[in-house]
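Protein chains: 2
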Amino acid sequence: MTFSITILGSSSALPTPSRFSTAQALNVLERFFLIDCGEGTQIQLNKYKIRTARINHIFISHLHGDHFLGIFGLISSMNLLGRKLPLCIHGPFKLKDLINAFISTMDRGINFEIIFEPLHYNGLELIYEDEKLTIESFPLRHRVPTCGFLFREKTRLRNLKGKVIKELNIPIKSLQSIKEGNDYTDVDGRLINNKQLTIDPPKPRAYAFVSDTAKNPTIVPYINNIDLLYHEATYADEGKKRAKETGHSTARQAGEIAKKAGVGKLILGHFSNRYKNLDLLQKEAQEEFKNTELALDGKVFDIEIIGVK
Amino acid sequence: MTFSITILGSSSALPTPSRFSTAQALNVLERFFLIDCGEGTQIQLNKYKIRTARINHIFISHLHGDHFLGIFGLISSMNLLGRKLPLCIHGPFKLKDLINAFISTMDRGINFEIIFEPLHYNGLELIYEDEKLTIESFPLRHRVPTCGFLFREKTRLRNLKGKVIKELNIPIKSLQSIKEGNDYTDVDGRLINNKQLTIDPPKPRAYAFVSDTAKNPTIVPYINNIDLLYHEATYADEGKKRAKETGHSTARQAGEIAKKAGVGKLILGHFSNRYKNLDLLQKEAQEEFKNTELALDGKVFDIEIIGVK
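Protein chains in written order, with my numbering: chain P, 1 to 309; chain L, 1001 to 1309.
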């Protein structure tokens, strides 16, 4: 029941040996996703022992080099490592041309299919769904079209009260309906309320990745009450003017968004290389939203399952 | 009088955290060059404290991702760091299109000129020259058009024997001609042989970078007697068949080339990720050519000045 985010890069445009460009690897219920793919992402995946073969979907937030330049090397290495499964890339439509131009230089091409899904920018949009999970994109406010991504578990089936089910001799064929929340009518025509038969499932977990953006309160409804929010925090307060000019946020602004949205925890990244020490950024964000951590390279954030009631 | 090579990456196609993709930084007489630019090169330059602003020429041996994918991020970072000087890139002509396609995605473009010099493949070709140095390219045998590069100091002016010059009262205006190797005729019409007035200058130093190639003895005349040879050595003896299939060399074959060419020292790189320990590759090369070292990430090879006679 893993829901885990590994930070592969925490730098903004200029990477350093300890802070690579933006990338995050997600394991959500044993589905592996990559969000952004800055230069060196494949090296970080190798370092943190995440097998590239398990990644089937990559989400690229926008077409600035520090968010996508690692995708070419990753595609090349996936191919060398024998990949056969299709790889789905969700990103700005121009990225498709860049990828095709790169692949056209490969003397042997690649042995797997790339399915390219262009992003759109008209509000919350479903871009992935399976029986347990949805992923949605939502537009941000940056210098080029940019999306954030929201990963959300679906509500699970209700948990049966085993003892009660047994006492009432409810047949197996009726259990699925009860798990789905329906009441039960027994052989004598007696209605038994679902609440007597089940307990609430765990709260569905959710994570949002808020990539490069100026302060943008329009996203608050999308990320309301989620467990974990990554929000870019390129600058400290002293860089507020520069943040505005370049379409970025300060750590404090990230804290303000987290507070408005009532998230469980905030993690900060995309730090300008002007900050060697990031304590100030954490402190300024914490003045707005206490439960804030730094999303440094190699850190892993797990969202635990919490049963409700 | 520096002639120094810093290894930035020593891996073949699949980089690892300790062996990045191919790239080398050269300081030849305070001219800074970059040879190849695999993914993460800018991170390595940062790690080894080589300022990107000082690099004015980049040489890309061929269009396989592990030799050029770092160039986009490097161009982007040079721009962010305020570069104004032109940057000259020597590489396969298709690289120009890839670079232009990348730059076209940058919302603010770049603030410096890129001068693109396509490589040719017709033998030894002069691709750079200044008053102290030449750089030549020469074709290799790989799956795609590939060049090696030869960096060679020009012969310096002869060194004056100060004491003799003084005793003979030779006027300053005649010294340049004597340094250039000419004899001197004094005011009495007496001819003085140049050998009496000068000593030989130091031997011009030379370094060759032999990128991806199957064993290729046709390069031997180009690299004859050079001080330092980098030669790819993707495989050990056990991988000889694979080397042939993929257009690569074994370490032993690199040693054979070094021996034939009578170079001063051989350094090996471009190691397959199948070799965690490289001692075997060094040993096999040394069986052919004793003075062989591994060109591991972060190693610096200096070519010292040696006076002749």
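Each residue gets a CB set at the ideal place from its N, CA and C atoms; glycine is no exception.
Identify whether Pro1086 (chain L) lies in helix, strand or coil by the three-state DSSP scheme.
Pro1086 (chain L) falls in the coil class under three-state DSSP.
Is the separation between the beta-carbon of Asp107 (chain P) and that of Val1210 (chain L) shorter than 8 Å?
Asp107 (chain P) places its beta carbon 8 Å or farther from that of Val1210 (chain L).
So Ala13 (chain P) contacts chain L; which residues on that side make the cut at Cβ distance below 8 Å?
The contacting residues are Ser1076, Ser1077, Leu1080.
Endpoints, alpha helix (DSSP H) assigned at Tyr222 (chain P)
Bounds of the alpha helix (DSSP H) holding Tyr222 (chain P) are 220-223.
At 8 Å on the CB atoms, spell out the chain P contacts of Ala997 (chain L), in chain order.
Because chain L here runs from 1001 to 1309, residue 997 (chain L) falls outside it and cannot be looked at.
Three-state secondary structure (DSSP) of Ile7 (chain P)
Ile7 (chain P) sits in a strand when the DSSP states are folded into three classes.
Going by other Cβ atoms of all chains shown within 10 Å of its Cβ, with 16 needed for buried, is Gln1176 (chain L) buried or exposed?
With fewer than 16 Cβ atoms within 10 Å of its Cβ, Gln1176 (chain L) is classed as exposed.
In whole angstroms, give me the CA-to-CA distance for Ala1208 (chain L) and Gln1024 (chain L).
Taking the CA atoms as reference points, Ala1208 (chain L) sits about 12 Å from Gln1024 (chain L).
Might you give, ordered along the chain, the residues of its own chain that have their beta carbon closer than 6 Å to the beta carbon of Tyr158 (chain P), omitting 5 neighbours on each side?
The identity of residue 158 (chain P) in the sequence shown is Arg, whereas the question assumes Tyr. Result list for Arg158 (chain P): Lys179, Gly181, Thr198, Pro201, in chain order.
If you reduce the DSSP assignment to three classes, tell me which class Pro202 (chain P) lands in.
Strand.
Which term fits Phe1112 (chain L), buried or exposed, when burial requires 16 or more other beta carbons within 10 angstroms of its beta carbon?
An exposed status is given to Phe1112 (chain L), since fewer than 16 other beta-carbon atoms sit within 10 Å of its beta-carbon.
Name the residue from L:Gly1038, L:Lys1132, L:Leu1140, L:Gln1282 whose alpha carbon lies nearest to the alpha carbon of Glu1125 (chain L).
Looking at L:Gly1038, L:Lys1132, L:Leu1140, L:Gln1282, the one whose alpha-carbon comes closest to that of Glu1125 (chain L) is L:Leu1140.
Quick test of your reading: Ile89 (chain P) and Ile58 (chain P), contact by CB under 8 Å. State the CB separation rounded to the nearest angstrom.
Your pair Ile89 (chain P) and Ile58 (chain P) checks out as a contact, with CB atoms roughly 5 Å apart and the cut at 8 Å.
Candidates P:Phe93, P:Met1, P:Tyr48: which alpha carbon is nearest His62 (chain P)'s?
Answer by Cα proximity: P:Phe93.
Can you tell me which of L:Cys1037, L:Ser1004, L:Asn1046 puts its alpha carbon nearest to the alpha carbon of Leu1029 (chain L)?
Residue L:Ser1004 is the option with its Cα nearest to Leu1029 (chain L).
So, does the segment 1031-1045 of chain L touch the segment 34-50 of chain P, judging by three or more C-beta pairs under 8 Å?
Taking 8 Å as the limit for Cβ pairs, the verdict is that the segment 34-50 of chain P does touch the segment 1031-1045 of chain L.
Using a Cβ cut-off of 8 Å (strictly closer), state whether Arg143 (chain P) contacts chain L.
Chain L has a Cβ within less than 8 Å of the Cβ of Arg143 (chain P).
Give the straight-line distance between the Cα atoms of Glu1129 (chain L) and Leu1150 (chain L), rounded to the nearest whole angstrom.
The straight-line gap from Cα to Cα measures roughly 12 Å.
Beta-carbon proximity check, Glu1204 (chain L) vs Lys1154 (chain L), cutoff 8 Å:
Looking at the sequence provided, one finds Pro at residue 1204 (chain L) rather than Glu. Note that the C-beta distance between Pro1204 (chain L) and Lys1154 (chain L) is below 8 Å.
Is Lys290 (chain P) helix, strand or coil when you go by DSSP?
Lys290 (chain P): coil per DSSP, three-state reduction.
Taking the alpha carbon of Lys299 (chain P) as the point to measure from, which residue in P:Ser12, P:Pro15, P:Leu26 has its own alpha carbon closest?
When each option's Cα is compared against that of Lys299 (chain P), the closest is P:Leu26.
Evaluate Ile1071 (chain L) with the Cβ neighbour count: other Cβ atoms within 10 Å of its Cβ, from every protein chain shown; 16 or more gives buried, anything less gives exposed.
Its Cβ being crowded by 16 or more others within 10 Å, Ile1071 (chain L) is buried.
Output yes if chain P places a C-beta closer than 8 Å to the C-beta of Val1308 (chain L); else output no.
Low per-residue confidence applies at Val1308 (chain L): pLDDT is 46, beneath 50, and the placement is therefore not dependable enough to give any value.
Coil, strand or helix - Asp212 (chain P) by DSSP
Of the three classes helix, strand and coil, the one that applies to Asp212 (chain P) here is coil, per DSSP.
Checking the sheet assignment: what are the DSSP bridge partners for Ser137 (chain P)?
Within the DSSP secondary-structure output, Ser137 (chain P) pairs in a beta bridge with P:Glu125, P:Phe149.
Could you pull the DSSP bridge partners for Asn159 (chain P) from this structure?
Within the DSSP bridge table, the entry for Asn159 (chain P) names P:Ile199 as partners.
Nearest-angstrom Cβ-Cβ length linking Leu229 (chain P) and Val263 (chain P), presumed shorter than 8 Å
Correct: roughly 4 Å between the Cβ atoms.
Are the Cβ atoms of Thr1234 (chain L) and Phe1271 (chain L) separated by less than 8 Å?
Contact: yes.
Sorted by chain position, which residues of the same chain lie with C-beta nearer than 6 Å to Tyr1121 (chain L)'s C-beta, five sequence neighbours on each side aside?
Its chain contains Pro1139, Pro1145 as the residues whose beta carbon lies nearer than 6 Å to that of Tyr1121 (chain L), once the 5 sequence neighbours on both sides are disregarded; these appear in chain order.
8 Å Cβ cut-off: residues of chain L touching Ile43 (chain P)
In chain order: Pro1015, Thr1016, Pro1017, Phe1020, Glu1039, Gly1040.
State the DSSP-derived secondary structure class of Lys1259 (chain L), mapped to helix, strand or coil.
When DSSP states are grouped into helix, strand and coil, Lys1259 (chain L) belongs to the helix group.
Test item: CB-CB of Phe1116 (chain L) and Lys1096 (chain L) under 8 Å:
For the pair Phe1116 (chain L) and Lys1096 (chain L), the CB atoms are nearer than the 8 Å cut-off.
Closer than 7 Å at the beta carbon, the chain L residues around Leu69 (chain P)
For a Cβ distance threshold of 7 Å, residue set Phe1072, Gly1073 of chain L lies close to Leu69 (chain P), ordered along the chain.
What does the Cβ neighbour count give for Lys1309 (chain L), buried or exposed, with the cut at 16 atoms within 10 Å?
With a pLDDT of 40 at Lys1309 (chain L), under the threshold of 50, the modelled position of this residue cannot be trusted; read the value that follows with caution. Residue environment: Lys1309 (chain L) is assigned as exposed (fewer than 16 neighbouring CB atoms within 10 Å of its CB, all protein chains considered).
If you drop the 5 nearest sequence neighbours on each side, which residues of the same chain put their C-beta closer than 8 Å to that of Ile75 (chain P)?
These residues qualify, in order along the chain: Leu87, Ile99, Phe102, Ile103, Ile110, Ile114.
Keeping to the same chain, check which residues put their C-beta closer than 8 Å to that of Pro171 (chain P); ignore five residues upstream and five downstream.
None.
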